[in-house]
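S.K.:
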Amino acid sequence: MTKETKKPNGSAVAAMMSAAFSVLVLALVHTGTFASSSFKDWVLSIGKLWVPGAEGIGPYSGKETFMLVAWFGSWIVLHLSIRKKNVNVTLWANVFMILVALATLLVWTPILDLLFP
Amino acid sequence: MSSKENNKSALLPPLESSNVVVWVAVSILLITVLFLTAAPFADLLLGPSEFALPGAAHGILATVGMIVGTATVYLGWRLFIGEKRTFGDLRILAAVSSVLAAVTIVTGNWIYIAYRGPGGPREYFKSVIPEVHEIFFEFKEFIALFTLPIAVATTYVLWSYRETLLADTRLRTGVGIMIATAWAALMITFVLGASITKLMSV
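Each protein sequence line maps, in turn, to chains Y and G. Residue numbers are given in my numbering: position 48 of the first sequence equals residue 74, and the series is strictly consecutive. Residue numbers are given in my numbering: position 144 of the second sequence equals residue 146, and the series is strictly consecutive.
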């Protein structure tokens, strides 16, 4: 009788969580630019470092940059950390939904108006 | 024939795997033919705005992305409920969705310059109906970005785990959640984008 080998689910959860983390970072950076004009200028300066036409699209370029850095950075770290492990997918799928829901709320302007009247 | 058999025959059989990809390809072909024959093509691509070409490309890519994304959700649902035993087509459509999300975001960035430029839609909306920009457009521009990492993560899991997903109900559920989330973000973006373009295009 051969022992059945099953690929650990860690790398799948790493991919899922890095996606959720990236959209949350995007939303948090957007929230920061909503609250502080100096932070907004700094975010724009980050976008100008590499995004073509960054001057034209404003701080959105920097927000995209932060999202991409958070996405790839967290994916690499999580993948290396948990790729050989089996983790609780149900728990992390719930965390995924909560993070994405939170990010969605933070990019909805009426919510930011309530937070920063 | 018994009533049980009647009920059984009344149900439509699920589409075969390869048929879904063919259905998507034919749909895209028909829409492209319709667009090329019925749209004011010259005006659209060679109109007065220097952003007409990227604007048209963005709209076409978004429409194709919506079709592919919807087919992906259908197949994802069948995987989620455990009805689907092979899903090479789902893997292909998920990968295509990821590429479309990336390219649509890039063309969206391009026309965003025109949107924010002097005399552009942002200036118009802010002076006439500020809610359109401040609530709906702002929401659309961020929710659009959600589609890319989630679609890529879904594609990675589908290609990496392949048929082993069938034996892992929890991971299959996770994939289903990601597909549904990416599709919801895509639909919100598409509907808001199309509506805003109807009010004023770049």
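Just so you know, even glycine gets a beta-carbon here, dropped at the ideal spot from N, CA and C. Since the structure is predicted, the reported quantities are computational estimates derived from the model, not experimental observations.
Using the C-alpha atoms, what's the distance from Ser-48 (chain Y) back to Lys-32 (chain Y)?
M.R.: For the purposes of this step, residue 32 (chain Y) is taken as the residue at position 6 of the first sequence. For the purposes of this step, residue 48 (chain Y) is taken as the residue at position 22 of the first sequence. Distance between the alpha carbons of Lys-32 (chain Y) and Ser-48 (chain Y): 29 Å.
S.K.: Grouping DSSP H, G and I as helix and E and B as strand, with all else coil, what is Ala-12 (chain G)?
M.R.: Indexing the second sequence from 1 puts residue 12 (chain G) at position 10. Residue placement at Ala-12 (chain G) cannot be trusted, given a pLDDT of 49 that sits under 50; the coordinates are not used to answer.
S.K.: For a contact defined as C-beta to C-beta under 7 Å, what are the partners of Arg-118 (chain G) on chain Y?
M.R.: Within the second sequence, the letter at position 116 stands for residue 118 (chain G). Going along chain Y in sequence order, the residues near Arg-118 (chain G) (Cβ under 7 Å) are Gly-82, Ile-83 and Gly-84.
S.K.: Taking the alpha helix (DSSP H) that Asp-139 (chain Y) belongs to, which residues open and close that run?
M.R.: Residue numbering aside, residue 139 (chain Y) sits at position 113 when the first sequence is read from its first letter. It spans 135-141 - the alpha helix (DSSP H) in which Asp-139 (chain Y) sits, taken as one unbroken run.
S.K.: What is the C-beta distance between Ala-182 (chain G) and Val-70 (chain G), in whole angstroms, given that I count them as a contact (C-beta under 8 Å)?
M.R.: Against the second sequence, residue 182 (chain G) aligns to sequence position 180. Against the second sequence, residue 70 (chain G) aligns to sequence position 68. In fact, because the Cβ distance is near 15 Å, the residues do not count as touching under 8 Å.
S.K.: Can you tell me the Cα-Cα spacing of Val-134 (chain G) and Asp-139 (chain Y), whole angstroms?
M.R.: In the second sequence, counting from the first residue as 1, residue 134 (chain G) sits at position 132. In the first sequence, counting from the first residue as 1, residue 139 (chain Y) sits at position 113. Straight-line Cα distance between these residues: approximately 15 Å.
S.K.: Indicate whether Ala-80 (chain Y) and Ser-71 (chain Y) have their beta-carbon atoms separated by less than 7 Å.
M.R.: Locating residue 80 (chain Y) in the first sequence gives position 54, where the first residue counts as 1. Locating residue 71 (chain Y) in the first sequence gives position 45, where the first residue counts as 1. No, the pair does not count as a contact, with Cβ atoms beyond the cut-off.
S.K.: At a Cβ threshold of 7 Å, is Pro-151 (chain G) touching chain Y?
M.R.: Locating residue 151 (chain G) in the second sequence gives position 149, where the first residue counts as 1. Chain Y, which has a Cβ nearer than 7 Å to the Cβ of Pro-151 (chain G), makes this yes.
S.K.: Taking 6 Å as the cut-off, is the CB of Thr-175 (chain G) close to at least one heavy atom of the ligand PLP?
M.R.: This structure lacks the ligand PLP, and indeed carries no ligand of any kind.
S.K.: Scan the stretch 96-175 of chain G and note each continuous alpha helix (DSSP H) run of 4 residues or more that stays entirely inside, going in chain order.
M.R.: 123-130 and 140-163
S.K.: Consult DSSP for Asn-114 (chain Y) and reduce its assignment to one of helix, strand or coil.
M.R.: Locating residue 114 (chain Y) in the first sequence gives position 88, counting from the first residue. Asn-114 (chain Y) falls in the coil class under three-state DSSP.
S.K.: Would you list, in chain order, the members of the stretch 181-195 of chain G that have their beta-carbon closer than 8 Å to a beta-carbon of chain Y?
M.R.: Thr-183
S.K.: Does Ser-107 (chain Y) get closer than 7 Å to chain G when you measure Cβ to Cβ?
M.R.: As a working mapping, residue 107 (chain Y) is identified with position 81 in the first sequence. Cβ-Cβ to chain G under 7 Å: no for Ser-107 (chain Y).
S.K.: Spatial neighbours of His-105 (chain Y) within its chain, please: CB distance less than 7 Å, with the 5 preceding and 5 following residues excluded, ordered by chain position.
M.R.: Working through the first sequence from its first residue, we reach residue 105 (chain Y) at position 79. Excluding residues within five positions, the ones whose Cβ falls inside 7 Å are Ser-37 and Ala-40.
S.K.: Determine the extent of the alpha helix (DSSP H) in which Phe-82 (chain G) is found, giving its start and end residues.
M.R.: Within the second sequence, the letter at position 80 stands for residue 82 (chain G). For Phe-82 (chain G), the uninterrupted alpha helix (DSSP H) segment begins and ends at 54-82.
S.K.: Return yes when the Cβ of Ala-155 (chain G) is within less than 7 Å of the Cβ of Ala-45 (chain Y), no when it is not.
M.R.: In the first sequence, the residue the question calls residue 45 (chain Y) occupies position 19. In the second sequence, the residue the question calls residue 155 (chain G) occupies position 153. The answer is yes: Cβ separation under 7 Å.
S.K.: Out of curiosity, what's the CA-to-CA distance linking Met-27 (chain Y) and Thr-191 (chain G)?
M.R.: The residue labelled residue 27 (chain Y) in the question sits at position 1 within the first sequence. The residue labelled residue 191 (chain G) in the question sits at position 189 within the second sequence. Confidence is the limiting factor: at Met-27 (chain Y) the pLDDT is only 42, short of 50, which leaves the residue's position unreliable, though a coordinate-based value still follows. When rounded, the distance between both Cα atoms is 52 Å.
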